[in-house]
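Residues 7 to 136 (my numbering) make up the sequence shown, in order.
Glycine is no exception: its CB is placed at the ideal position from the N, C-alpha and C atoms.
Since this is a predicted model, take the numbers as computed values, not measurements.
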Amino acid sequence: MQDTNIVVSDIDFVRLMAIQPSPALRAELERAIVIPTESIRTDVVTMNSRVHYRDEKTGVDRDVKIVFPEDADIAQGKVSVLAPVGAALIGLSVGQSIDWDFPDGTVRCLTVIAVDQSGSGNAPGGTRQH
7 MQDTNIVVSD
17 IDFVRLMAIQ
27 PSPALRAELE
37 RAIVIPTESI
47 RTDVVTMNSR
57 VHYRDEKTGV
67 DRDVKIVFPE
77 DADIAQGKVS
87 VLAPVGAALI
97 GLSVGQSIDW
107 DFPDGTVRCL
117 TVIAVDQSGS
127 GNAPGGTRQH
């Protein structure tokens with residue numbers, strides 16, 4: 007999807023490949039830079055991190071937590087890594103953007119604004135218009 011490689015921890019890589027990701031996510035993972043979990047920078051979107059991102063087309067900011075499918079709960083702002091937003095954001099770092107194909111046929115540009123590795127960032131599922 008992009009020329010910029012994503013960064014994924016070795017543990018996340020193994021678990022993500024084991025859950026049979028979509029072809030688009032699989033392609034991103036296959037070209038990802040895989041590094042030891044303890045070497046991941048705190049500004050990189052990893053599994054279970056809270057992400058503040060902007061949809062550049064709509065100007066809407068959202069806060070979500072990227073989780074494995076069994077932990078997804080949109081009411082709590084927990085988005086599956088297999089959902090389009092989760093798949094698009096995983097492995098990006100603050101300031102990076104990605105164009106991602108969504109099921110409705112649109113391509114959206116998502117930009118990572120902030121990452122909270124503790125998972126205790128802003129209120130879940132929050133949105134703001136810009």
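Near Met-23, which residues of its chain fall below 7 Å by C-beta distance, leaving aside the five closest residues on each side in sequence? Taking the sequence shown and counting its residues from 1, one reaches residue 23 at position 17. Exclusion of the five residues before and after Met-23 leaves Leu-35 as the residues of its chain whose Cβ lies within less than 7 Å of its Cβ.
Practice prompt. Compute the Euclidean distance between the alpha carbons of Gly-83 and Ala-33, then round it to the nearest angstrom.
Written response: Here residue 83 is taken as the residue at index 77 of the sequence shown, counted from 1. Here residue 33 is taken as the residue at index 27 of the sequence shown, counted from 1. Their backbone Cα atoms lie some 26 Å apart in a straight line.
Got a sec? Which residues, its chain only, sit under 7 Å from Pro-90 by beta carbon, not counting five neighbours each side? In the sequence shown, counting from the first residue as 1, residue 90 sits at position 84. Within the same chain, and ignoring the five residues on either side of Pro-90 in sequence, the residues whose Cβ sits closer than 7 Å to its Cβ are Trp-106, Phe-108, Pro-109.
Check your understanding: Tell me which same chain residues have a C-beta within less than 6 Å of the C-beta of Ser-99, skipping the five on either side of it?
Key -> Counted from its first residue, the sequence shown places residue 99 at position 93. Asp-49, Val-50, listed in sequence order.
When you compare only the Cα positions, how much space is there between Ile-41 and Ala-94? Along the sequence shown, one-based indexing puts residue 41 at 35. Along the sequence shown, one-based indexing puts residue 94 at 88. Roughly 19 Å separates the two Cα atoms.
Cut-off 8 Å between Cβ atoms - residues of its own chain near Ala-38, not counting five sequence neighbours on either side: Position 32 of the sequence shown, counted from the first residue, corresponds to residue 38. Taken in chain order, the residues that qualify are Asn-11, Ile-12, Val-13, Val-14, Phe-19, Gly-97.
Next item on the list: Give a yes or no on whether the C-beta atoms belonging to Asn-54 and Ile-72 are separated by under 8 Å.
Entry: Locating residue 54 in the sequence shown gives position 48, counting from the first residue. Locating residue 72 in the sequence shown gives position 66, counting from the first residue. Contact: yes.
query: Using the beta-carbon count (16 or more within 10 Å), is Gly-127 buried or exposed?
result: Stepping through the sequence shown from its first residue, residue 127 is reached at position 121. Bear in mind that the predicted position of Gly-127 carries a pLDDT of just 37, short of 50, making it too unreliable to give a figure here.
*Can you name the residues that DSSP bridges to Ser-86?*
In the sequence shown, residue 86 corresponds to position 80, counting from 1. Paired residue(s): Val-73.
**Prompt:** Looking only at its own chain, which residues have a Cβ that is under 7 Å from the Cβ of Thr-43, when we skip the five neighbours before and after it?
**Reply:** Indexing the sequence shown from 1 puts residue 43 at position 37. Excluding positions up to five away in sequence, the list reads Ser-15, Asp-16, Ile-17.
Bounding residues of the alpha helix (DSSP H) (the contiguous stretch that carries Val-20) | Reading the sequence shown from its first residue, position 14 is the one you call residue 20. Val-20 -> alpha helix (DSSP H) spans 16-24.
To the nearest whole angstrom, what separates the beta carbons of His-58 and Ile-119, a pair I think is in contact under 8 Å?
Taking the sequence shown and counting its residues from 1, the one referred to as residue 58 is at position 52. Taking the sequence shown and counting its residues from 1, the one referred to as residue 119 is at position 113. About 4 Å separates the two Cβ atoms, so the contact holds.
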